[in-house]
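Trainee: Following this message is one structure expressed as structure tokens.
Protein chains: 2
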Amino acid sequence: MNLKQLARMLDLSQTTVSRALNGYPEVSEETRRRVSDAARQHGYRPNPSARRLATGKAGMIGYVMPTGASVDIDPHFVEFLSGLGDYVRAHELDLVLSPAEADDEETTYRRIVANKLVDALYISAPRHADSRIALVQDLGIPYIVHGRSEGLDFDYPFLDIDNEAAFHDATRLMVQLGHKRVALLNGEEAQTFAICRERGVRRALEASGLVLPPAMLRSVAMTEENGYRATRSLLMQSEAPTAIVCSSLIMALGVVRAARDLGRSIPRDLSLIAHDDVFPWLKPENFSVPLTTTRSSIRAAGQRIAERLAARIAGQEAGALGEVWPVDLIVRSSIAGAPA
Amino acid sequence: MNLKQLARMLDLSQTTVSRALNGYPEVSEETRRRVSDAARQHGYRPNPSARRLATGKAGMIGYVMPTGASVDIDPHFVEFLSGLGDYVRAHELDLVLSPAEADDEETTYRRIVANKLVDALYISAPRHADSRIALVQDLGIPYIVHGRSEGLDFDYPFLDIDNEAAFHDATRLMVQLGHKRVALLNGEEAQTFAICRERGVRRALEASGLVLPPAMLRSVAMTEENGYRATRSLLMQSEAPTAIVCSSLIMALGVVRAARDLGRSIPRDLSLIAHDDVFPWLKPENFSVPLTTTRSSIRAAGQRIAERLAARIAGQEAGALGEVWPVDLIVRSSIAGAPA
DNA sequence: GAAAGTCTCCAAAGCGCTTTGGCTGACAGT
DNA sequence: ACTGTCAGCCAAAGCGCTTTGGAGACTTTC
Chain A
1 MNLKQLARML DLSQTTVSRA LNGYPEVSEE TRRRVSDAAR QHGYRPNPSA RRLATGKAGM
61 IGYVMPTGAS VDIDPHFVEF LSGLGDYVRA HELDLVLSPA EADDEETTYR RIVANKLVDA
121 LYISAPRHAD SRIALVQDLG IPYIVHGRSE GLDFDYPFLD IDNEAAFHDA TRLMVQLGHK
181 RVALLNGEEA QTFAICRERG VRRALEASGL VLPPAMLRSV AMTEENGYRA TRSLLMQSEA
241 PTAIVCSSLI MALGVVRAAR DLGRSIPRDL SLIAHDDVFP WLKPENFSVP LTTTRSSIRA
301 AGQRIAERLA ARIAGQEAGA LGEVWPVDLI VRSSIAGAPA
Chain B
1001 MNLKQLARML DLSQTTVSRA LNGYPEVSEE TRRRVSDAAR QHGYRPNPSA RRLATGKAGM
1061 IGYVMPTGAS VDIDPHFVEF LSGLGDYVRA HELDLVLSPA EADDEETTYR RIVANKLVDA
1121 LYISAPRHAD SRIALVQDLG IPYIVHGRSE GLDFDYPFLD IDNEAAFHDA TRLMVQLGHK
1181 RVALLNGEEA QTFAICRERG VRRALEASGL VLPPAMLRSV AMTEENGYRA TRSLLMQSEA
1241 PTAIVCSSLI MALGVVRAAR DLGRSIPRDL SLIAHDDVFP WLKPENFSVP LTTTRSSIRA
1301 AGQRIAERLA ARIAGQEAGA LGEVWPVDLI VRSSIAGAPA
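These protein sequence lines map, in sequence, to chains A and B.
Note that the numbering used here has the first sequence beginning at 1, numbered continuously upward.
Note that the numbering used here has the second sequence beginning at 1001, numbered continuously upward.
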């Protein structure tokens, strides 16, 4: 059933039917009702390919997904996707994932935009002065950055959590508990979130006259194995940390294993706070010793980004609106006063 | 730059240019070269919307993604996606994820197919007599099932690993080590893979005159927490198992935690084998006691499915071709002879 | 030397929708 | 009675591609 058939059936022109269905004003209310009743009854759905060709609107939102043998997609991505999906589903949109060679995403971005494959894009895991943002800004397609970049000479729309405050607060708590040697087990330093977190930690330490020497910092990809290795190397130093602030729950698994390996008890010998993005399959309260966390649902962020993207497509949101979410600090038993 | 402009520039008709570019025979080699040179030089790319409208081909492969507040997307999905992406990228295809209400996926399937949004679909995590398969078969769009379903009265194309053999072999090894009470910590029983694994375990036990009583079986969603709870309840029985075969690495985290909680040592008091889908961020060799696993890369499966899907789209693969991959059994130190 | 292929290429008709630029008739204003 | 306005509708022109149904020119065949 296409527009022509429906129009003929109603004895109206395609124009009128189209306008009626799309809510244009120059159609009488009665006609509009007739049309939409008939459309519903016959299950008419405009053909998206045709609509796209005519309007240039795709009804999809896109993501350029870095891939390659050496690239691992972050498990956080699934949770984000869930959130995005929750919103998108209710609005009959679809998601397009365009895999791109990790070191040449630009081609893919250009292709997507030139082809009008999607109406809006989101960018995740931004790095410092991330070139993708300038590119997409330049291409003139609606977009939102999940996270933030720094060192760019223009503003851009984003949604981020307050990484700096979260890690500041976590560190301050450690200091308040008497810890003098607090280590940061961070994500890769290219990532802006890692930079922000490091800044938060430093600020909190410096407020009490402490510092974060290189020996107390590890910036690595957030796997269990890296968490283990980094923790081992941290703890085997002569001046070992008595507290660790850690950027991910998965890494924290490695921290716990390393501590156990070395016979350090949490929280007696070592206090631990980790950041929790809220996975349904791994919960901080279920660690062998329940983990104190900074918590922020990445799934909720996905929902919100979809919502804002939809608003941008509809022209209801414009400009370089930045949105920063506060992060909860949830105390559980993995922290204690510094050992004497 | 569109076809019309390119044609005018070459002083040819759109027809000829189109045919030249698409490899039709009724174009002289010289003309073809002229055309493709010009196309390359001016960076001409056919507009996919127009092409789609004309041909009905979308250049995308699709996945109907169950979502909803109570639905958690499996973290395995990311790995699968990586694999899919690896292939798809090289072929300038894109992936469409269409979120659907988990209890009404049919509408979404129908919409996708009616709209010709994608050229092919894949279906994952099939359940027993999964209605999606019949639906998609009926809709007549190329598809492949990742995993298998049972109880369907027709054949269908799929790619699966040999779950039954994997769990049979794992269990047999336990039995050979002298274990009499082997428990299976499985995924949700609605999933076909869980059914197959259970069958494998039973078959191995029965071959030695043993059985799998209900008290030795747990079928739950594969989270750390469920692994923990199930293991606790298994171990606190009077006739506790001395060996556990477990369906996922994430669940195995819970098994290890529960064992430790209850003061059981692995492998002295409890042998453990888990299935490993190969996550880059959590490796069995890095468990506190390195885990014996049945291993199969879900990422490789993603690549292969993309490849087969592409072949189907191109008409190079037809029929209900089923492909079953063997599973490695990799022995590490989490298993030992049964305690006396 | 005419009829019958072969090669190449082309004009034009879709694909199904949106949108531009009217057209018509009713009603209000003078 | 005449003009102007406006609500409500329509025909037709795109959007950029593929594909059908030829049409010329050039060989081959008898």
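Yeah, the Cβ is synthetic: ideal placement off N, Cα and C, and Gly gets one too.
1. Under DSSP, the beta strand (DSSP E) around Leu234 of chain A begins and ends at which residues?
2. Helix, strand or coil for Ala129 of chain A per DSSP?
3. Taking the beta strand (DSSP E) that Asp1242 of chain B belongs to, which residues open and close that run?
4. Kindly indicate which residue of A:Val220, A:Ala340, A:Asp276 and A:Ala120 has the alpha-carbon position closest to the one of Tyr63 of chain A.
5. Within the same chain, show all residues whose beta-carbon is closer than 6 Å to that of Met1065 of chain B, passing over the 5 residues directly before and after it, in chain order.
6. Would you report the Cα separation of Pro1075 of chain B and Pro75 of chain A, rounded to the nearest angstrom?
7. May I ask which residues mark the beginning and end of the alpha helix (DSSP H) holding Arg1260 of chain B?
8. Is the beta carbon of Val220 of chain A closer than 8 Å to that of Glu188 of chain A?
9. Compare the C-alpha of His91 of chain A against each of A:Arg181, A:Tyr156, A:Ile313 and A:Ala336 and name the closest.
10. Using a beta-carbon distance below 8 Å, is Arg302 of chain A in contact with chain B?
11. Return no unless some Cβ of chain B is closer than 8 Å to the Cβ of Asn163 of chain A.
12. Three Cβ pairs or more, each shorter than 8 Å: is that satisfied between the segment 1235 to 1251 of chain B and the segment 1176 to 1192 of chain B?
13. So the candidates are A:Asp86, A:Pro126 and A:Tyr87; which of them puts its Cα closest to the Cα of Glu105 of chain A?
14. Leaving out five residues before and five after Gly1068 of chain B in sequence, what residues of the same chain have Cβ atoms less than 7 Å from its Cβ?
15. Are the beta-carbon atoms belonging to Tyr44 of chain A and Leu6 of chain A less than 8 Å from one another?
16. Give, in chain order, every residue of the segment 278 to 302 of chain A whose Cβ lies closer than 7 Å to some Cβ of chain B.
17. Quick check: is the beta carbon of Leu1095 of chain B nearer than 8 Å to any beta carbon in chain A?
18. State buried or exposed for Gly263 of chain A, treating a residue as buried only when at least 16 other CB atoms are found within 10 Å of its CB.
19. Check the Cβ-Cβ distances between Tyr1228 of chain B and every residue of chain A, and say whether any is below 8 Å.
20. Excluding the 5 residues preceding and the 5 following Val118 of chain A in the sequence, name in chain order all residues of the same chain whose CB lies nearer than 7 Å to its CB.
21. If we cut at 8 Å on Cβ distances, does Ile250 of chain A have a partner in chain B?
22. Contact defined as beta carbons within less than 8 Å: I believe Ala1301 of chain B pairs with Gly1083 of chain B. What is the distance between those atoms, to the nearest angstrom?
23. Is it buried or exposed for Ser124 of chain A, if we count other Cβ within 10 angstroms and need 16 for buried?
24. Applying the criterion that 16 or more other CB atoms from any shown protein chain within 10 Å of the CB defines a buried residue, is Met236 of chain A buried or exposed?
25. Helix, strand or coil for Gly1023 of chain B? Go by DSSP, reduced to three states.
26. Run through the DSSP bridge pairs and tell me what Ser1271 of chain B is partnered with.
27. Taking DSSP's pairing of strands, which residues face Ser98 of chain A in a bridge?
28. What does Asn115 of chain A reach in chain B if we use C-beta pairs closer than 8 Å?
29. Out of A:Glu30, A:Ile161 and A:Val71, point me to the one whose CA is closest to Ser297 of chain A's CA.
30. Assuming Glu307 of chain A and Asn1286 of chain B form a contact by the criterion Cβ under 8 Å, report the distance between their Cβ atoms to the nearest whole angstrom.
31. So what does DSSP say about Phe167 of chain A, is it helix, strand or coil?
32. Count the other CB atoms within 10 Å of the CB of Met1009 of chain B; is the residue buried (16 or more) or exposed (fewer)?
33. Can you say whether Ala1170 of chain B is buried or exposed, counting buried as having 16 or more other CB atoms within 10 angstroms of its CB?
34. Can you have a look at Arg1052 of chain B and say buried or exposed, based on whether 16 or more other CB atoms are within 10 angstroms of its CB?
35. If you compare alpha carbons, which of B:Ala1215, B:Met1251 and B:Ala1258 is closest to Ser1238 of chain B?
36. Are the CB atoms of Tyr1109 of chain B and Val1136 of chain B within a distance shorter than 8 Å?
Mentor: Reading it off the structure:
1. Careful: Leu234 of chain A lies outside any beta strand (DSSP E), inside the alpha helix (DSSP H) at Glu224 to Leu235.
2. Coil at Ala129 of chain A, not helix or strand.
3. Note on residue identity: the sequence assigns Thr, not Asp, to residue 1242 of chain B. Counting along the chain, Thr1242 of chain B falls outside any beta strand (DSSP E), and DSSP gives it neither H nor E.
4. Comparing Cα positions, the closest option is A:Ala120.
5. Same-chain partners within the cutoff: Leu1097 and Pro1099.
6. Across the structure, Pro1075 of chain B and Pro75 of chain A are spaced so that their CA atoms are roughly 6 Å apart.
7. Per DSSP, Arg1260 of chain B is one residue of the alpha helix (DSSP H) stretching across Leu1249 to Asp1261.
8. In this structure, Val220 of chain A lies closer than 8 Å to Glu188 of chain A by Cβ.
9. Measuring C-alpha to C-alpha distances from His91 of chain A to each of A:Arg181, A:Tyr156, A:Ile313 and A:Ala336 identifies A:Ile313 as the nearest.
10. It should be pointed out that residue 302 of chain A corresponds to Gly in this sequence rather than to Arg. Taking CB atoms only, Gly302 of chain A has no neighbour in chain B less than 8 Å away.
11. Among the residues facing chain B, Asn163 of chain A is not included, as its CB has no counterpart in that chain under 8 Å away.
12. Under the 8 Å Cβ criterion, the segment 1235 to 1251 of chain B counts as touching the segment 1176 to 1192 of chain B, having at least three qualifying pairs.
13. Nearest C-alpha to Glu105 of chain A: A:Pro126.
14. Only residues of its own chain outside the window of five on either side were considered, and among them Glu1101 and Ala1102 have a CB closer than 7 Å to the CB of Gly1068 of chain B, listed in chain order.
15. Going by C-beta atoms, Tyr44 of chain A is nearer than 8 Å to Leu6 of chain A.
16. Going along the segment 278 to 302 of chain A in chain order, one finds Pro280, Trp281, Leu282, Lys283, Asn286 and Ser288 with a Cβ nearer than 7 Å to chain B.
17. It does; some Cβ of chain A falls within 8 Å.
18. Around the beta carbon of Gly263 of chain A, a 10 Å sphere encloses fewer than 16 other beta carbons of the protein chains shown; the residue is thus reported as exposed.
19. For Tyr1228 of chain B, the answer is yes, since a Cβ of chain A falls inside 8 Å of its Cβ.
20. Answer for Val118 of chain A: Ala58, Met60, Ile61, Gly62, Val96 and Ile112, listed in chain order.
21. Contact with chain B is found for Ile250 of chain A, since one of that chain's Cβ atoms lies less than 8 Å from the residue's Cβ.
22. The pair is a contact, with the Cβ atoms about 6 Å apart (cut-off 8 Å).
23. Classified as buried, Ser124 of chain A has 16 or more neighbouring CB atoms from the shown chains inside 10 Å of its CB.
24. Exposed, because fewer than 16 other Cβ atoms sit within 10 Å of the Cβ of Met236 of chain A.
25. In the structure shown, Gly1023 of chain B adopts coil according to DSSP, grouped into three states.
26. Under DSSP, the beta-bridge partners assigned to Ser1271 of chain B are B:Ala1243.
27. As DSSP reads the structure, Ser98 of chain A sits in a beta bridge with A:Val64.
28. Within chain B, the residues whose beta carbon sits less than 8 Å from that of Asn115 of chain A are Arg1045, Asn1047, Pro1048 and Ser1049, listed in sequence order.
29. When only C-alpha atoms are compared, the closest one is A:Ile161.
30. Actually they do not touch by this definition, with Cβ atoms about 39 Å apart.
31. Note: Phe167 of chain A maps to helix in three-state DSSP.
32. It is exposed - the Cβ of Met1009 of chain B has fewer than 16 other Cβ atoms within 10 Å.
33. Counting C-beta atoms within 10 angstroms of its own C-beta, Ala1170 of chain B has 16 or more neighbours from the protein chains shown and is therefore classed as buried.
34. It is buried - the Cβ of Arg1052 of chain B has at least 16 other Cβ atoms within 10 Å.
35. Ranking the options by Cα distance to Ser1238 of chain B, first place goes to B:Ala1215.
36. Yes, Cβ-Cβ distance for Val1136 of chain B and Tyr1109 of chain B is below 8 Å.
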